[in-house]
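Novice: Below is one structure. I have some questions about it.
Numbering (the working numbering), first residue to last: 7 to 87.
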């Protein structure tokens, strides 16, 4: 859970509501790591675009290697995601 105010799925509107719908189809929950961007939906949109580029664009690293790097960085940072 983040330490900043978040906009809940039920309170989202406009761009944020559209992003939430893509992130949690059929009324599911949006992960806190993404909801922490809810006060600025454009930042959430751009965060998702950056993530897709890092994890899925052509690269010298395989998808497995990218996931391994992400896991190690998360562990070093004490992040459970």
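All residues carry an ideal CB built from backbone N, CA and C; glycine is no exception.
From a predicted model like this one, the values you see are computed outputs, not experimental measurements.
Near residue 25, which residues of its chain fall below 7 Å by C-beta distance, leaving aside the five closest residues on each side in sequence?
Specialist: Translated into positions along the chain shown, residue 25 becomes position 19. Once the five neighbours on either side are set aside, the close Cβ partners of residue 25 are 47, 50 and 51.
Novice: If you measure between the beta carbons of residue 53 and residue 43, is that distance less than 8 Å?
Specialist: Residue mapping note: residue 53 aligns to position 47 of the chain shown, counting from 1. Residue mapping note: residue 43 aligns to position 37 of the chain shown, counting from 1. Yes, Cβ-Cβ distance for residue 53 and residue 43 is below 8 Å.
Novice: Please identify the residue among 20, 55 and 16 whose C-alpha is closest to the C-alpha of residue 36.
Specialist: Taking the chain shown and counting its residues from 1, the one referred to as residue 36 is at position 30. The residue with the shortest Cα to Cα distance from residue 36 is 16.
Novice: Could you check whether residue 60 and residue 72 sit closer than 8 Å to each other, using their CB atoms as the reference points?
Specialist: Counted from its first residue, the chain shown places residue 72 at position 66. Counted from its first residue, the chain shown places residue 60 at position 54. Going by C-beta atoms, residue 72 is nearer than 8 Å to residue 60.
Novice: On the criterion of 16 or more Cβ atoms from any shown chain inside 10 Å, does residue 41 qualify as buried, or is it exposed?
Specialist: One-based indexing of the chain shown puts residue 41 at position 35. Classification of residue 41: buried, given that the 10 Å Cβ count is 16 or more.
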